[in-house]
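Numbering (our numbering), first residue to last: 122 to 309.
Note sheet for the following structure.
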């Protein structure tokens, strides 16, 4: 799902790939989202009242509203994500020093993210991995120890300790407690 293109509103029919339809319209209750209210108004105006007087003007307005409502929906999603992150960091402030089991949910050049059972996610910074010097291997989304060949990979179970949380920055910092057990042949 993360690799799929973000949904957006559009005044021009782009169809529905999954249903193999050239013309497609989706809407829910008109009290939930502004675009749904617009659809209800347009259906009433054109399908039920057969009022086509403002068709050209409405087409231009629909293009503008599609762009605006897509932007506002993205902003709303971003705000919701920010509040969730802030509340998670606030919650973890009371749990600093505690150890949890989690799963590696993302691996980057600067460390790896771990998602706990309670869906809280934090970062293990690469500089906190003191047992070896780790290299990021993008092709297998892993950090691999230069001397030990220990590997930290997507989906791996790990134990982490909460070492910091910042509500304003919306961040949670973990430190790896249990070292990865699997070894690879030496990688360089």
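Backbone N, C-alpha and C fix where the C-beta goes; we use that ideal spot for every residue, glycine too.
Ends of the beta strand (DSSP E) at residue i?
i: residue 229; result: 220-229
i: residue 298; result: Careful: residue 298 lies outside any beta strand (DSSP E) and carries neither H nor E.
i: residue 251; result: Element bounds for residue 251: n/a, residue is neither H nor E.
i: residue 265; result: 263-266
i: residue 291; result: Unbroken run through residue 291: none, as it is neither H nor E.
i: residue 273; result: 272-274
i: residue 232; result: 232-237
Starting from the Cα of residue i, find the closest Cα among the options and give me that residue.
i: residue 238; options: 171, 140 and 281; result: 281
i: residue 134; options: 183, 288 and 298; result: 183
i: residue 276; options: 180, 224, 284 and 165; result: 224
i: residue 273; options: 149, 298 and 284; result: 298
i: residue 190; options: 160, 261 and 259; result: 160
i: residue 288; options: 214, 163, 162 and 149; result: 214
i: residue 154; options: 170, 186 and 167; result: 186
i: residue 260; options: 179, 252, 249 and 230; result: 230
i: residue 180; options: 163, 171 and 170; result: 163
Quick one: is residue i buried, meaning 16 or more other Cβ sit within 10 Å of its Cβ, or exposed?
i: residue 240; result: exposed
i: residue 254; result: exposed
i: residue 263; result: buried
i: residue 130; result: buried
i: residue 309; result: Since pLDDT at residue 309 reaches only 41, below the 50 mark, its modelled position is unreliable, and no value is offered.
i: residue 306; result: Low confidence applies to residue 306: its pLDDT is 45, below 50, so where it sits in the model is not reliable enough to give any reading.
i: residue 233; result: buried
i: residue 271; result: buried
i: residue 210; result: buried
i: residue 204; result: exposed
i: residue 290; result: exposed
i: residue 250; result: buried
i: residue 286; result: buried
Output yes if chain B places a C-beta closer than 8 Å to the C-beta of residue i; else output no.
i: residue 213; result: Structure shown: chain B not included; a single protein chain is present.
Would you mind listing the alpha helix (DSSP H) stretches within the segment 146-194 that are 4+ residues and don't spill past its ends, in chain order?
List check, alpha helix (DSSP H) in window: 155-163.
Decide if the segment 190-210 is in contact with the segment 132-146; the criterion is three or more beta carbon pairs, one per stretch, under 8 Å apart.
In short, these stretches do not touch, since the Cβ pair count stays below three.
Would you check if the segment 265-276 and the segment 213-223 touch, i.e. whether three or more CB-CB distances between them fall below 8 Å?
As far as the Cβ criterion goes, the segment 213-223 does not touch the segment 265-276, which means the pair count is below three.
Contact between the segment 281-299 and the segment 241-250: three or more CB pairs below 8 Å?
Taking 8 Å as the limit for Cβ pairs, the verdict is that the segment 241-250 does touch the segment 281-299.
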